[in-house]
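Okay, so here's the structure we're looking at.
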């Protein structure tokens, strides 16, 4: 019986692990088409079907293979987002596409002007999304849009949650109740900036006391700044609140996030960004970020100072591009000033993160940037001047080389002439010697020839005499032979006569 329970426990443990694994699995695209292609004929009927409509107003991809592949990637990200949003129970959320070339009429009727952007249509507002087109980032932003523009703080635990938020601009007000006209003005202002700026309110006197708020008063917290600014002129109208926020919506220190990357980058100061790279999870990065916060606290009243903090962990795919473009090592903290349009940059000299600059050194460097003593454009001009100087030096070196070559050529020519003269003299002497030798040889040859001729003549005479003697002997022999033959013939004739 005990073994039975053991077996059941083992099977349940496997089943639990399998269920846990399925629970933690990231959703994969199921192949179902959920993204609508909106046009003049169907956009009204499609948008009526949903409580919230996410519209990607995209550029026409055209015939470019690269542009088509990029659009396919973006469309797949939207399909994955639509699949996740399809399971959201509180709201019916649809996703659609509008082609900037083919569906201009639809875009105009919906009030869409900037292409290559995502717009989220709710019951009473249109929110533009200026972040990365990635499914998880987009879905997270949509969830923020669906939340109430104003979050209520009602107890000490919620107060601690409010105090822990430091990366975003936030406002908090103390009002009598939901029905207060001053709260309604506050809530209307919140809708103008939702979800980019966070609005909080409390109706609890104890919470208000902890926040040091008076009735109908609103505090404005800049990102990464601990102490708030009291908005003057309470009670406020919606218009007054909106105006104050618009005049103060660029913090001294702000963080670049995947959900706001394009919005923040477009908000440059004089065409430049002061950018600080620091990995918060790293010891050096954390220390450097702490110093940046101190700098921001000390200079929060300077409207011209805005430091953009980038945590490399948030943008892993961009690290090689940034290191190559800016010529920096992001394995340790960096701070520099960048031209927003062409990415020219100048960076503070930090020795491999071993000796981080102090707060005073950072402030001195930033003062030089704001005064124009440190400027990427001037640094770029200096680089061009250095290139020109290098070119001039190269030209001078070439001229010197040419002069040296000419001198060497002249010396070589002189040496060649001298060598030629010497060679000619030697040749003349050799010719004379050869002529003398030839004459002597000719004389010797003539003498030898004469001697040979005499010898030949003597030999010929001797040979002739010998030949004559031989001929005479031969003739005599022949005569003798003839006589003998005649005698023999005569004898034979005589014998024949006798026989007869």
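Residue numbers (mature numbering (1 follows the signal peptide of the UniProt record, and there is no 0)): -20 to -1, 1 to 480.
C-beta atoms are modelled at their ideal positions from N, C-alpha and C, and glycine is treated no differently.
Given the structure is predicted, the values throughout are model-derived calculations rather than measurements.
With a cut-off of 8 Å on the beta carbons, I'd call residue i and residue j a contact; round off their distance for me.
i           : j           : result
residue 200 : residue 228 : 6 Å
residue 236 : residue 256 : That pair is no contact at about 10 Å.
residue 234 : residue 289 : 7 Å
residue 73  : residue 34  : 7 Å
residue 317 : residue 286 : So it is not a contact: roughly 11 Å between Cβ atoms.
residue 36  : residue 98  : 5 Å
residue 130 : residue 191 : That pair is no contact at about 15 Å.
residue 296 : residue 319 : Going by Cβ atoms, the distance from residue 296 to residue 319 rounds to 25 Å, so no, they are not a contact pair.
residue 196 : residue 215 : 4 Å
residue 156 : residue 178 : About 22 Å separates the two Cβ atoms, so there is no contact after all.
Determine the DSSP secondary structure at residue i, reduced to helix, strand or coil.
i           : result
residue 377 : Any answer about residue 377 is weak, because its pLDDT of 49 lies below 50 and its placement is not dependable; what the coordinates show is given next. Residue 377 falls in the helix class under three-state DSSP.
residue 430 : Confidence is the limiting factor: at residue 430 the pLDDT is only 39, short of 50, which leaves the residue's position unreliable and the question unanswerable from this model.
residue 136 : helix
residue 153 : strand
residue 85  : helix
residue 25  : helix
residue 265 : helix
residue 16  : strand
residue 277 : helix
residue 242 : helix
residue 60  : helix
residue 297 : helix
residue 66  : coil
residue 343 : helix
residue 311 : coil
residue 105 : coil
residue 257 : strand
residue 41  : coil
residue 337 : coil
residue 11  : coil
residue 176 : coil
residue 145 : coil
residue 480 : For residue 480, the pLDDT reaches just 30, beneath the cut-off of 50, and the residue's location in the model is therefore unreliable, although a value from the coordinates is still provided. Here residue 480 sits in coil by DSSP.
residue 6   : coil
residue 162 : helix
residue 191 : coil
residue 113 : coil
residue 118 : helix
residue 92  : coil
residue 358 : helix
residue 168 : helix
residue 52  : helix
residue 331 : coil
Could you name the residues that DSSP lists as bridge partners for residue i?
i           : result
residue 305 : In the DSSP output, where bridge partners are listed per residue, residue 305 has none listed.
residue 252 : 249 and 319
residue 351 : Residue 351 is not bridged to any residue.
residue 181 : 132 and 153
residue 233 : 287
residue 76  : 16 and 35
residue 100 : 34 and 107
residue 326 : 317
Counting only the same chain and skipping the five closest in sequence on each side, list residues whose C-beta sits under 6 Å from that of residue i.
i           : result
residue 211 : 198, 200 and 224
residue 133 : 139, 142, 180, 182 and 187
residue 17  : 77
residue 306 : 325
residue 65  : 73
residue 75  : 15, 34, 58 and 62
residue 497 : Here the chain comprises residues numbered -20 to 480, so residue 497 is not present and cannot be evaluated.
residue 276 : 204, 232 and 233
residue 60  : 9 and 115
residue 345 : 328
residue 440 : Below a pLDDT of 50, predicted positions are generally treated as unreliable, and residue 440, at 38, falls in that range; the measurement from the model is reported next regardless. Closer than 6 Å at Cβ, skipping near neighbours: no residue.
residue 349 : 317
Using a Cβ-Cβ cut-off of 7 Å (strictly less than) and excluding sequence neighbours within five positions of residue i, which residues of its own chain qualify?
i           : result
residue 259 : 265, 291, 292 and 293
residue 82  : 40
residue 274 : 339
residue 299 : 292 and 310
residue 112 : 238 and 241
residue 95  : 37, 38, 39 and 80
residue 172 : 222
residue 267 : 336
residue 521 : Any property of residue 521 remains undetermined from this structure, which presents the chain solely from -20 to 480.
So, for residue i: in the same chain, excluding its five sequence neighbours on each side, which residues have a beta-carbon less than 8 Å away from its beta-carbon?
i           : result
residue 217 : 165
residue 159 : none
residue 280 : 202, 205 and 232
Given the structure, does residue i come close to the ligand FAD, in the sense that its CB is under 7 Å from one of the ligand's heavy atoms?
i          : result
residue 22 : Of ligands this structure carries none, so the ligand FAD is not represented either.
Flag residue i as yes if its beta-carbon sits less than 8 Å from any beta-carbon of chain D, otherwise no.
i          : result
residue 97 : The question asks about chain D, but that chain is absent: this structure has only one protein chain.
| task | Kindly provide the ranges of any beta strand (DSSP E) runs that are 3 or more residues long and lie completely inside the stretch 196 to 226, ordered along the chain. | result | Listed in chain order, they are 198 to 201.
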